[in-house]
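Residues in the sequence shown are numbered from 592 upward in steps of one, following my numbering.
Inspection log for the structure reproduced underneath, given as structure tokens.
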Amino acid sequence: MSTPDLSAARWFTSSRSANNGDCVECAILPDAMAVRDSKDRSGPVLVFSYRQWSVFVTDLSTRRRPTDLG
592 MSTPDLSAAR
602 WFTSSRSANN
612 GDCVECAILP
622 DAMAVRDSKD
632 RSGPVLVFSY
642 RQWSVFVTDL
652 STRRRPTDLG
């Protein structure tokens, strides 16, 4: 996966997030999901394929350990 252009990314947090800034922010990209720390918006960004993101979110919602994200 190539490095995505994040200049036009629209970042969002969960509606259940507190206002204290201790959150992750996500951005939906054309072919991936991006995640960053809301306290360090100029810091590193993790980028996941949609398949990887789907497996991760499903595992979180079922409280299982993450499976193969390959």
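Quick reminder that beta carbons are idealized off the backbone N, C-alpha and C, glycines included.
Remember, predicted model here, so these are calculated numbers, not experimental data.
Check: Three-state secondary structure (DSSP) of L651; Outcome: helix
Check: Where the beta strand (DSSP E) containing R607 begins and where it ends; Outcome: Segment: none, R607 is in no beta strand (DSSP E) and carries neither H nor E.
Check: Residues near W602 by beta carbon distance below 6 Å, same chain, minus five either side; Outcome: E616 and A618
Check: Given 8 Å, three or more beta-carbon pairs between the segment 603 to 610 and the segment 644 to 654; Outcome: no
Check: R632 in three-state terms, based on DSSP; Outcome: coil
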